[in-house]
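There are 2 protein chains.
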Amino acid sequence: MKSILLFITFLFIARCGYGQKIVPSNQPNQTQQKMVERGYGMFIHFGINTFGETEWSDGSIPVGKYNPTNLDCDQWVRVARDAGFRYVLLTTKHHEGFCLWDSKYTDYDVASSPVKTDVVAEVSKACKKYGLEFAIYYSLWDRKDPSYKEKDPEKYIDYMCNQLTELLTDYGPVCELWFDGGWDRKEKDWNLPRVYDLVKKLQPHCAVGVNHTIVLKENERKFALPDSMIVDNKYFFQYFPSDFRLWDPKVAHKSDKKQYLHKGKSYYVPFEHTICISKYWSWFGKRVPQPTRDLDELEELFYWCTDNGNTLVMNIPPDQTGRIREHEANAIINLGHRLGLSLNKPLPTNGRFISMNAPAYTTSVYENDEDKYGASMAVDGGMQTRWAAADTLATLTIELDEKKSFNKISIFEYQDEQYASDGFSNIRTNRIQEYNISILQDGEWKMIYTDNESMGDCKVIRFPQSYHAAKIRLEITKAIAPPSIKEFNVIDFE
Amino acid sequence: MKSILLFITFLFIARCGYGQKIVPSNQPNQTQQKMVERGYGMFIHFGINTFGETEWSDGSIPVGKYNPTNLDCDQWVRVARDAGFRYVLLTTKHHEGFCLWDSKYTDYDVASSPVKTDVVAEVSKACKKYGLEFAIYYSLWDRKDPSYKEKDPEKYIDYMCNQLTELLTDYGPVCELWFDGGWDRKEKDWNLPRVYDLVKKLQPHCAVGVNHTIVLKENERKFALPDSMIVDNKYFFQYFPSDFRLWDPKVAHKSDKKQYLHKGKSYYVPFEHTICISKYWSWFGKRVPQPTRDLDELEELFYWCTDNGNTLVMNIPPDQTGRIREHEANAIINLGHRLGLSLNKPLPTNGRFISMNAPAYTTSVYENDEDKYGASMAVDGGMQTRWAAADTLATLTIELDEKKSFNKISIFEYQDEQYASDGFSNIRTNRIQEYNISILQDGEWKMIYTDNESMGDCKVIRFPQSYHAAKIRLEITKAIAPPSIKEFNVIDFE
Chain G
0 MKSILLFITF LFIARCGYGQ KIVPSNQPNQ TQQKMVERGY GMFIHFGINT FGETEWSDGS
60 IPVGKYNPTN LDCDQWVRVA RDAGFRYVLL TTKHHEGFCL WDSKYTDYDV ASSPVKTDVV
120 AEVSKACKKY GLEFAIYYSL WDRKDPSYKE KDPEKYIDYM CNQLTELLTD YGPVCELWFD
180 GGWDRKEKDW NLPRVYDLVK KLQPHCAVGV NHTIVLKENE RKFALPDSMI VDNKYFFQYF
240 PSDFRLWDPK VAHKSDKKQY LHKGKSYYVP FEHTICISKY WSWFGKRVPQ PTRDLDELEE
300 LFYWCTDNGN TLVMNIPPDQ TGRIREHEAN AIINLGHRLG LSLNKPLPTN GRFISMNAPA
360 YTTSVYENDE DKYGASMAVD GGMQTRWAAA DTLATLTIEL DEKKSFNKIS IFEYQDEQYA
420 SDGFSNIRTN RIQEYNISIL QDGEWKMIYT DNESMGDCKV IRFPQSYHAA KIRLEITKAI
480 APPSIKEFNV IDFE
Chain R
0 MKSILLFITF LFIARCGYGQ KIVPSNQPNQ TQQKMVERGY GMFIHFGINT FGETEWSDGS
60 IPVGKYNPTN LDCDQWVRVA RDAGFRYVLL TTKHHEGFCL WDSKYTDYDV ASSPVKTDVV
120 AEVSKACKKY GLEFAIYYSL WDRKDPSYKE KDPEKYIDYM CNQLTELLTD YGPVCELWFD
180 GGWDRKEKDW NLPRVYDLVK KLQPHCAVGV NHTIVLKENE RKFALPDSMI VDNKYFFQYF
240 PSDFRLWDPK VAHKSDKKQY LHKGKSYYVP FEHTICISKY WSWFGKRVPQ PTRDLDELEE
300 LFYWCTDNGN TLVMNIPPDQ TGRIREHEAN AIINLGHRLG LSLNKPLPTN GRFISMNAPA
360 YTTSVYENDE DKYGASMAVD GGMQTRWAAA DTLATLTIEL DEKKSFNKIS IFEYQDEQYA
420 SDGFSNIRTN RIQEYNISIL QDGEWKMIYT DNESMGDCKV IRFPQSYHAA KIRLEITKAI
480 APPSIKEFNV IDFE
């Protein structure tokens, strides 16, 4: 029996190989391939900030403040399983340095708090129980530990490596490591090669990412916006080595490219999206209940972010009782049901966008700035660009290839945003109130949809049949400000 | 071969029986039973008014105005089939007297118009083709035919009987006859026994209904509101004999009763609901595209109206080209898909309302009028009654039986209505902008849903799990006027 197990282990090792470190390539290595197949993870922000009603803190919140009244890590992962997530990404330590496990190297941790549960242990255990993989977020930036302030930057790297050794040794397989807060030091002071090597030694299959991975020029800290990453071999690693790109909470371009440069060589690097289930983008505000994003928006963001060899982690933060809030659990499980997610099958996809980069026209352009606000911005596949009209009554017309059919439309409306005093969360206001959609067939316009309710953050329209049309036209008949649309997608849904 | 067919015919006749006329009973007869099993029909208003942009006309619109450019009756029935309707109810003649078939008894008909297609023939033929049953609407009131103005009311009844003989002889089986406009004459002048007998002689299985069937007192024309029909053997037939009750576009009470009196005897009479797919209730306005009701509202109205031994016809009017408008076809087919309708299985049901008549409380009542606007009005099963608050910030709390589970909520919000100049169609404005729903479990309130988008005409909330709770609470945190709710239903969905 033992020999059979050994043989199976041998086969497994032979198949997977050890040391899946990034090397120059134009295709994903096995670690990246596995990461993309996982594709959809639950991101859990929980810690001392949860009790401070704050996004970040500086290490001064006393450890006694961490005091969940009904901590239930099993519930977190049960919700993740019910919602169809493939992995759970846990903030083991945020910028303030508070550790969700009993670390030998600090007392600013759960073991010194009123509720001593080792949250890292509980979550990794629950992941095993429910068949999910386990991933770790760890802040590079540490506003608490004295070593961080020492002149020799390696002192803190020692601290980090000690803690990472704990995390990567004591809690079973870790599929992903998400590093954050790199902006607080020069890149070279993070000694990433040392850290990366340690991770790969302890967890050969762990994918490593560092927030704000890519910059416009080598050795200059000017981050490349995900929306601009549509050309191979143009942008550069800031953080090397690392296995995937990050920039929360930005959404990559529909034509996101994967080849990035480091010292003259080209590497394949997928993008992991990070978004919040809360409509307000806030994971820490607890006092006022926050509505979740609508199912339509969740659905389209899911498709957009898990498409094209990229991945998505969705932030669903437990509250001060230590449980995921019921209304957020309901929303994300409903999404899983709508998408038919299952651990046993690949993630679903959205079908072909037949409107991508099609000729587009409009009745007016804000400030007559065609380059910035022209109609083409609504079909360019970029979420950071948008069509904006000059009048509230506006029309957007897109030329289609009549040979291509479609049966779904998704519209990401631009919203006016007001940031909350925390500087992070925001409230969004929609503009479009009434509108209709027509298609041009055999020289005649035929209206296929009309609505007099607010378009909302994202509108999905499904048709019970497939259409072919020479043009499609969105006519806005009522808006509280000149309409603006980030993406208007005409989709041949599978 | 012939003898086998004769034998099958004999068996069929023996099984169904002839002359399914209404008799005193406390259960449906076979004709009524079949009607309720059909349950869901498409109502088609089409005719000369379609070209006059008017609900009613008086017979003065010249026959030449009837001129569909692309008449396609097959499309009407194809849409009905695709949407899961069981029968098509066609307005063969509306109040102005224009006939959709070639009637020997008038020239105010399609045969004298520019487009001579016999629409009754085409629709009945298409129904056969697509496996649907065929039903007929016929206006008693006739503002055109000279016989209607004669002193002897029987002269017009002769005309009607001649036309009904055409309709019930030449177009195959007719499952239902919908009489309208009775208000224009005294009941006795319609000689319903003669008309009813004729119908049953020509089409023994045809169910006959007359609009505004039931009155509060025998021989007095005070219509009984569908919402008040919650007591057996209290109200009276105005129009007798007839097989089902009508009052468009009212919605019956959830506890709708079926026993009604005529000359001291009690009869079983189901109710057929009539509603419009247009959010504006208008079937004739064509110039401005009208949004359809939301899927949520269509779904809940479907369940409500086809429940409890009653039926629903949904008005989906073709336009001036002679085709059902694409956006309306899409909406109703999407509803059929959502409900999983199929000719081969019974209509789906909504599950148990565990909130029906439960104790309910609120923070304020409009004008302190508990009897009219109290919280209990939101759980009384009546669509014409409503809870109304005195403040925009309001809470509605309902006591539940903790032993009973639920997994769905539907809310019919009251709307302010503005009638259009046509006196029939209206525009509705919602009040509730932001709200959340909590449940009381083990002495603690737990929020299970929150939203910051307008509640809309009808809001359906589905939960991915079943809850048990001692209480449920709707908290409205933003409204443009004091909130008012017709029905708040807590449902154990099957």
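Respectively, the protein sequence lines represent chains G and R.
Note that numbering that gives the first Met the number 0 has the first sequence beginning at 0, numbered continuously upward.
Note that numbering that gives the first Met the number 0 has the second sequence beginning at 0, numbered continuously upward.
Just so you know, even glycine gets a beta-carbon here, dropped at the ideal spot from N, CA and C.
task = Grab me the residues of G:A110's own chain with a C-beta within less than 7 Å of its C-beta, minus the 5 sequence neighbours each way, in chain order.
result = Residue 110 of chain G sits at position 111 when you count from the first residue of the first sequence. If you ignore the 5 residues before and after G:A110, its C-beta comes within less than 7 Å of the C-beta of D101, all in its own chain and listed in chain order.
message = For R:K477, list the residues DSSP reports as bridge partners.
response = On the second sequence, residue 477 of chain R is found 478 positions in, with the first residue counted as 1. R:K477 is bridged by DSSP to R:E433.
ask   = Is the number of C-beta pairs between the segment 312-321 of chain G and the segment 39-52 of chain G that are closer than 8 Å three or more?
value = Taking a contact to require three or more Cβ pairs closer than 8 Å, the segment 312-321 of chain G and the segment 39-52 of chain G qualify as touching.
ask   = Does any residue of chain R bring its CB to less than 8 Å from the CB of G:D117?
value = Counting from 1 along the first sequence, the entry for residue 117 of chain G is found at position 118. Output row for G:D117: interface = no.
Check whether G:G171 and G:H211 have beta carbons under 8 Å apart = Against the first sequence, residue 171 of chain G aligns to sequence position 172. Against the first sequence, residue 211 of chain G aligns to sequence position 212. It is not a contact, given that the beta carbons lie outside the stated cut-off.
inquiry  = Can you give me the C-alpha to C-alpha distance between R:C98 and R:N190, rounded to a whole angstrom?
reply    = The residue labelled residue 98 of chain R in the question sits at position 99 within the second sequence. The residue labelled residue 190 of chain R in the question sits at position 191 within the second sequence. Cα to Cα, R:C98 sits roughly 22 Å from R:N190.
ask   = What residue range is occupied by the uninterrupted beta strand (DSSP E) comprising R:F487?
value = Stepping through the second sequence from its first residue, residue 487 of chain R is reached at position 488. S483 to D491 is the extent of the beta strand (DSSP E) around R:F487.
query = In the structure shown, what three-state DSSP assignment does R:M382 receive?
reply = As a working note, residue 382 of chain R is residue 383 in the second sequence. Reduced to three states, the DSSP call for R:M382 is coil.
request  = From the DSSP output, in three-state form, read off R:E299 for me.
outcome  = Walking along the second sequence from the start, residue 299 of chain R turns up at place 300. DSSP places R:E299 in helix when its eight states are reduced to three.
request  = Could you please give me the residues that DSSP links to G:P317 through a beta bridge?
outcome  = Here residue 317 of chain G refers to the residue found at position 318 of the first sequence. When beta bridges are read from the DSSP output, G:P317 appears opposite G:I323.
inquiry  = Counting C-beta neighbours from all protein chains within 10 Å, is the total for G:P23 16 or more, i.e. buried, or is it exposed?
reply    = On the first sequence, residue 23 of chain G is found 24 positions in, with the first residue counted as 1. By the 10 Å Cβ count, G:P23 comes out exposed.
inquiry  = Would R:E452 pass as an interface residue toward chain G - the criterion being a Cβ-Cβ separation below 8 Å?
reply    = On the second sequence, residue 452 of chain R is found 453 positions in, with the first residue counted as 1. At least one chain G Cβ lies under 8 Å of R:E452.
query = Using a beta-carbon distance cut-off of less than 7 Å, what residues from the segment 328-345 of chain R approach chain G?
reply = Of all residues in the segment 328-345 of chain R, those with a C-beta nearer than 7 Å to a C-beta of chain G are N329, I332, N333 and H336, reading in chain order.
message = Comparing C-alpha positions only, which one of R:D151, R:L176, R:T116 and R:H93 sits nearest to R:R142?
response = Position 143 of the second sequence, counting from 1, holds the residue named residue 142 of chain R. Distance from the Cα of R:R142 is smallest, within the candidate group R:D151, R:L176, R:T116 and R:H93, for R:H93.
key: Which residues DSSP lists as bridging R:V287, in chain order   = Position 288 of the second sequence, counted from the first residue, corresponds to residue 287 of chain R. R:V287 pairs with nothing; no bridge assigned.
Any C-beta of chain R under 8 Å from that of G:K477 = Mapped onto the first sequence, residue 477 of chain G falls at position 478. Taking 8 Å as the CB threshold, G:K477 stays off the interface with chain R.
query = Is it right to say G:A13 is buried, meaning 16 or more other beta carbons lie within 10 angstroms of its own, or is it exposed?
reply = Working through the first sequence from its first residue, we reach residue 13 of chain G at position 14. Interpretation of G:A13 is limited by its pLDDT of 41, a score under 50 that renders its predicted location unreliable; the figure taken from the coordinates is listed afterwards. By the neighbour-count rule (16 or more Cβ atoms within 10 Å), G:A13 is not buried but exposed.
ask   = If you follow the alpha helix (DSSP H) that R:K262 is part of, which residue opens it and which one closes it?
value = Taking the second sequence and counting its residues from 1, the one referred to as residue 262 of chain R is at position 263. Following the DSSP letters along the chain, one finds R:K262 in no alpha helix (DSSP H), marked with neither H nor E.
message = Let's see if you can read the secondary structure: which residues bound the beta strand (DSSP E) around G:I77?
response = For this step, residue 77 of chain G is matched to residue 78 along the first sequence. Before going further, note that residue 77 of chain G is Arg rather than Ile in the sequence given. Counting along the chain, G:R77 falls outside any beta strand (DSSP E), though it belongs to the alpha helix (DSSP H) covering C72 to A82.
task = Below 8 Å between beta carbons is the criterion; list the residues of the segment 187-213 of chain G that meet it against any residue of chain R, in chain order.
result = Those residues of the segment 187-213 of chain G placed with their C-beta closer than 8 Å to a C-beta in chain R do not exist.
request  = Measure the Cβ-Cβ separation of G:N406 and G:F301 and say whether it is below 8 Å.
outcome  = On the first sequence, position 407 is the one that residue 406 of chain G refers to. On the first sequence, position 302 is the one that residue 301 of chain G refers to. For G:N406 and G:F301, no; Cβs fall outside 8 Å.
inquiry  = Could you tell me the alpha carbon to alpha carbon distance between G:E452 and R:S409, rounded to whole angstroms?
reply    = On the first sequence, position 453 is the one that residue 452 of chain G refers to. On the second sequence, position 410 is the one that residue 409 of chain R refers to. Roughly 19 Å between the two C-alpha positions.
Coil, strand or helix - R:R14 by DSSP = Here residue 14 of chain R corresponds to residue number 15 of the second sequence, with the count starting at 1. Low confidence applies to R:R14: its pLDDT is 44, below 50, so where it sits in the model is not reliable enough to give any reading.
message = Restricting to Cα atoms, I'd like to know which of R:E52, R:V118, R:D157 and R:V87 is closest to R:Y104.
response = Residue numbering aside, residue 104 of chain R sits at position 105 when the second sequence is read from its first letter. Checked all of R:E52, R:V118, R:D157 and R:V87; the closest Cα to R:Y104 is R:D157.
ask   = By the criterion of Cβ-Cβ separation under 9 Å, what are the contact partners of G:G81 in chain R?
value = As a position in the first sequence, residue 81 of chain G is number 82, starting the count at 1. It should be pointed out that residue 81 of chain G corresponds to Asp in this sequence rather than to Gly. Going along chain R in sequence order, the residues near G:D81 (Cβ under 9 Å) are P463 and Q464.
task = Could you give the DSSP three-state label for G:W182: helix, strand or coil?
result = To locate residue 182 of chain G, count along the first sequence from 1; it is residue 183. When DSSP states are grouped into helix, strand and coil, G:W182 belongs to the helix group.
ask   = Which residues, in chain order, does the segment 32-55 of chain R contribute to contact with chain G at a C-beta distance below 9 Å?
value = Result list empty, no residue passes.
task = Under 8 Å between beta-carbons, which chain R residues line up against G:G455? List them in chain order, please.
result = Within the first sequence, the letter at position 456 stands for residue 455 of chain G. Under a criterion of Cβ atoms nearer than 8 Å, the residues of chain R adjacent to G:G455 are, in order, E452.
request  = Give, in chain order, every residue of the segment 429-442 of chain G whose Cβ lies closer than 7 Å to some Cβ of chain R.
outcome  = N435: these are the residues of the segment 429-442 of chain G whose beta carbon lies less than 7 Å from some beta carbon of chain R, given in chain order.
request  = Would you identify the three-state DSSP class for G:M34, choosing helix, strand or coil?
outcome  = Counted from its first residue, the first sequence places residue 34 of chain G at position 35. G:M34: helix per DSSP, three-state reduction.
request  = Apply the 10 Å Cβ neighbour rule to G:Q31 and answer buried if 16 or more other Cβ atoms are within range, or exposed otherwise.
outcome  = Mapped onto the first sequence, residue 31 of chain G falls at position 32. By the 10 Å Cβ count, G:Q31 comes out buried.
inquiry  = So for R:A359, helix, strand or coil by DSSP?
reply    = Reading the second sequence from its first residue, position 360 is the one you call residue 359 of chain R. R:A359: strand per DSSP, three-state reduction.
inquiry  = List, in chain order, every chain R residue whose beta-carbon is nearer than 8 Å to that of G:M446.
reply    = The residue labelled residue 446 of chain G in the question sits at position 447 within the first sequence. Those are P288, R324, E325 and H326, listed as they occur along chain R.
key: Contact with chain R by G:T396, beta-carbon distance below 8 Å   = Here the question's residue 396 of chain G lines up with position 397 in the first sequence. Put simply, the CB of G:T396 is far from chain R, with every gap to its CB atoms at 8 Å or more.
ask   = Taking the Cβ atom as the reference point for each residue, do G:I438 and G:Y466 lie within a distance shorter than 8 Å?
value = Translated into the one-based positions of the first sequence, residue 438 of chain G becomes position 439. Translated into the one-based positions of the first sequence, residue 466 of chain G becomes position 467. Taking 8 Å as the cut-off, the Cβ atoms of G:I438 and G:Y466 count as close.
query = Within the 8 Å Cβ cut-off, does R:K278 reach chain G?
reply = Numbered from its first residue, the second sequence carries residue 278 of chain R at position 279. Yes, its Cβ sits closer than 8 Å to a Cβ of chain G.
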